[in-house]
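Take the sequence shown: its position 86, counting from 1, is numbered 91 in the working numbering, and each next residue is one higher. Note that CB positions come from ideal geometry on N, CA and C, so glycine has one too. Bear in mind that the values here come from a model prediction, so they are computed numbers and not experimental data. Remarks on the structure that follows.
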Amino acid sequence: MDYLLHYLKFDGQGGASRETQLPTALPESGAHWVHIDCSKDDGRDWLDNMADIPEAVVDALFADETRPRTVKMGQGVLITLRGVNLNPDSDPSDMVSLRLWATPHFIVSTRRRRLLSVVEQVNNLEKGEGPENIAELVATLTHTLTARMAGVIDGLEDTLGELEEEMSEQVLPEQRTILVDRRLQTVRLRRFLVPQKEAISRLAVELQSWATKEQMADIQEAANDITRYVEALESLRERCLLMQEEFANHQAEKMNARMYVLSILSGIFMPLGFLTGLFGINIGGMPGVENSAAFWLFVGVLVFMGIGQYVLMRKSRWF
6 MDYLLHYLKF
16 DGQGGASRET
26 QLPTALPESG
36 AHWVHIDCSK
46 DDGRDWLDNM
56 ADIPEAVVDA
66 LFADETRPRT
76 VKMGQGVLIT
86 LRGVNLNPDS
96 DPSDMVSLRL
106 WATPHFIVST
116 RRRRLLSVVE
126 QVNNLEKGEG
136 PENIAELVAT
146 LTHTLTARMA
156 GVIDGLEDTL
166 GELEEEMSEQ
176 VLPEQRTILV
186 DRRLQTVRLR
196 RFLVPQKEAI
206 SRLAVELQSW
216 ATKEQMADIQ
226 EAANDITRYV
236 EALESLRERC
246 LLMQEEFANH
256 QAEKMNARMY
266 VLSILSGIFM
276 PLGFLTGLFG
286 INIGGMPGVE
296 NSAAFWLFVG
306 VLVFMGIGQY
316 VLMRKSRWF
């Protein structure tokens, strides 16, 4: 069964034992956790043949694309959450999905990519330091997923703060690449955190009949943290937009300054170019053709005109 990542049976004291024989019906006692790889079709076949699991639950657990939500389905609650991608050489904003269907005594979870929050809970259970029941597992996973986002968002805030200080001193072209990258990360995170806030708030309602006050407090605290993170991402997005506007204004100012210089030069050399073009025609009757000093007189006139235009523009405060 290469689709089975682990099947743990809780001992009720923070530990769990690994099982190999998957259940064929929903357990009515104890606490059982089955975690499978939804990229393998065999796992879907097992769920399809398991009694008391609605087809809609199976479809949701094996969906290609997921959006955070919490909804009552059958005898349990379907929970779809997202966690930041902390796998090596990965972009944290490329969030990893975790799909759960939980009853008071059984939970099945699926994933396509490894999620460190799940790995941590498995390790804690094997050491005897994990959750004691299904409600505590759901609350702990929700809290852990949320807590791991803090470092990523704090890192974004620090990077944008440093970028703002650099741009206040000097605006450089390479800063735009960093700014665009951070803004995209902010947009990706916000895309899933906004619905995840609603999903966790809904989860607190759905679990209140079989969760303790402490577990409910953990879920509500996770909802509060998500709300704070969403507000922080809103602020980061606004700061990104302001910095992009500042960068665009700086580029526009540089362009305007260059165009202004070119306009001044064009204003000075336009009449000079007209005169040189006029005296460059090869037809009879051109003045000074027989005078050997005419060329130098003409150059002197051009220099005098150029200086005169420059003085006139300065007095007129053109520059």
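- With contacts defined as CB atoms closer than 7 Å, aspartate 223 and alanine 107 fail to qualify as a contacting pair.
- In chain order, Asn54, Met55 and Ala56 place their CB closer than 8 Å to the CB of threonine 29, counting only its own chain and leaving out the 5 sequence neighbours on each side.
- By the C-beta density criterion, valine 82 is buried, having at least 16 other C-beta atoms within 10 angstroms.
- Along the stretch 108-172, the alpha helix (DSSP H) occurs as fully enclosed runs of 4 or more residues at 121-131 and 139-152, listed in sequence order.
- If you draw a straight line from the Cα of leucine 161 to the Cα of leucine 184, it is about 10 Å long.
- Less than 7 Å divides the Cβ of alanine 204 from the Cβ of proline 73.
- Between the C-alpha atoms of isoleucine 312 and phenylalanine 303 there is a straight-line separation of about 14 Å.
- If one requires a minimum length of 3 residues, the beta strand (DSSP E) runs lying completely within the stretch 68-100 are 74-78 and 81-88, in chain order.
- The closest CA to that of methionine 221, considering only Thr232, Arg233, Arg207 and Tyr234, is found on Arg207.
- When only Cα atoms are considered, leucine 31 and valine 63 end up about 14 Å apart.
- In this structure, the CA atom of leucine 283 is about 46 Å from the CA atom of valine 176.
- The beta carbons of leucine 150 and glycine 88 sit closer together than 7 Å.
- The C-beta distance from arginine 116 to valine 127 rounds to 12 Å, too long to meet the 8 Å contact threshold.
- Note on glutamate 211: 16 or more other CB atoms within 10 angstroms of its CB, so buried under the neighbour-count rule.
- For tryptophan 301, the three-state secondary structure derived from DSSP is helix.
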